Amino acid sequence: EFSFWAREITDQYGAEILNIGVYGDTDGTFASTIKENLNISQTVWTKYTYPLTEYVGQTIRLAINCVSTDVFGVMLDDIFVGNPNDVDEWTTIENVTPPYEITGLNEETTYEVQVLSDYGSEGKSNWCDPVLFTTPKGILLNSKADNNEIIEKYDSKTTNVMLSGHTLYKDSYWNTLCLPFAMTAEQVTEQLAPKILKTLSSASFADGTLTLNFADATTIEAGKPYIIKWDVDDDITNPTFMDVTISNTTSDINAGVVTFKGLYAPVIYAAGVVDKSVLFMKGDDALYYPNGSGVTNIDAFHAYFILNGITAGDIIEQEGRIVLNFDDESTSISLISNPGEESDSWYTIDGRRLNGKPTKKGIYIVNGKKVVIK
37 EFSFWAREIT DQYGAEILNI GVYGDTDGTF ASTIKENLNI SQTVWTKYTY PLTEYVGQTI
97 RLAINCVSTD VFGVMLDDIF VGNPNDVDEW TTIENVTPPY EITGLNEETT YEVQVLSDYG
157 SEGKSNWCDP VLFTTPKGIL LNSKADNNEI IEKYDSKTTN VMLSGHTLYK DSYWNTLCLP
217 FAMTAEQVTE QLAPKILKTL SSASFADGTL TLNFADATTI EAGKPYIIKW DVDDDITNPT
277 FMDVTISNTT SDINAGVVTF KGLYAPVIYA AGVVDKSVLF MKGDDALYYP NGSGVTNIDA
337 FHAYFILNGI TAGDIIEQEG RIVLNFDDES TSISLISNPG EESDSWYTID GRRLNGKPTK
397 KGIYIVNGKK VVIK
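This is how it looks when you write it as structure tokens:
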């Protein structure tokens, strides 16, 4: 299809006459004529469209030839050559206050943007010149938002993924992790390079002791929760994963008395809400439950433990403990309520308890207040 918009500059002169054709190679004449003596007599923009089906697969040169005489001139805009099915309709967004973020765009797609000013009762400006941009390959997932819709939209598509607002802490403590795509052993090594990667293999509860058994992992399954740790080093902020295939499947691990559940959306417990049926992992490898003293939350792409048939109260009442069994060693840890209830304890802004005052620059929580370390 070949299309364009045209109008007269003024109606005080005669109509403008155009010939549209396929241009010859050397002699300056049309090899064939698409439209002869096109009469442009309107002072409002009008669209003209001509099919090019007989030229599909050929390399051609198109020409617009003004053949009118003793006239003022003609204006042309938005000249298009291509498949009309590749062009979407315009989307108009009104009453925009800058800066404005355009969302919901497809990756590897070219978009055209134009802007005008609305002066209210005084009218509107002309549209600005078009701005073309092409979105890169990749999607942005947000650690603070519900990502289920976009994960479903890109199901089975191979792309690059950034976890915006997410941090993988390299502080020698465990991170929980759940990703909406699988990773081979090679990808795990190249893109994450963890010291240890494990997943829950079984669980048991006896005599007040909850035992969580973990097994080594070398690959990552889509939707399956893991625990992962590194030696002390620079944290991974906004981690990006290359050439992964999105999957909207979930693979929660049901280990009887415990379900290890991954998240694609945050879980938030408001102040005053107590829930002893769930356990969150803290930054110093302790487990805690929401006790209602404040807001308790866990971001997307983390995981937590759901207790089945028992509660944190059962462990506390029997003066029991929680054992994390890693095959080569077992660690007995404490069970507490909300992080932040212990005075002078330091936490990251997403609720991970730290072992003493941090030395890295950043924003932290201590005694319920934000503290900036520069």
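Counted from 1, the sequence shown has number 153 at position 117 by our numbering; the numbering is strictly sequential.
Using N, Cα and C, we set each Cβ at its ideal position, and we do this for glycine too.
Fair warning: this is a prediction, and the values are worked out from it, not measured in the lab.
Put simply, the region 168-182 does not touch the region 239-247. Fewer than three CB pairs are less than 8 Å apart. Between L176 and F337 the beta-carbon gap is near 13 Å, outside 8 Å, which marks them as no contact.
Relative to T203, the option among N211, G159, V197 whose CA is nearest is N211. For N184, the enclosing alpha helix (DSSP H) begins and ends at 184-189.
DSSP, reduced to helix, strand and coil, places T194 within a strand of the structure shown. About 7 Å separates the Cβ atoms of R97 and V58, confirming a contact at the 8 Å cut-off. With contacts defined as CB atoms closer than 9 Å, I53 and A99 fail to qualify as a contacting pair. Boundaries of the beta strand (DSSP E) harbouring V110: 110-117, taken from the DSSP string.
The DSSP-derived three-state label of A306 is coil. Each of P261, A253, V303 was checked against the Cα of K297, and the nearest Cα belongs to P261.
DSSP, reduced to helix, strand and coil, places D279 within a strand of the structure shown. The continuous stretches of alpha helix (DSSP H) do not include E44, which lies in the beta strand (DSSP E) extending over residues 38-44. Burial of P230 is indicated by the presence of at least 16 other C-beta atoms within 10 angstroms of its C-beta. Contact between D311 and Y325 is confirmed by a C-beta separation of about 6 Å, below the 8 Å threshold.
Residue state for I409 is assigned as strand, using DSSP reduced to three classes. Under the DSSP assignment, E353 falls in the alpha helix (DSSP H) whose first and last residues are 348-353. Between D335 and the set K180, Y400, F277, the nearest pair of CA atoms involves K180.
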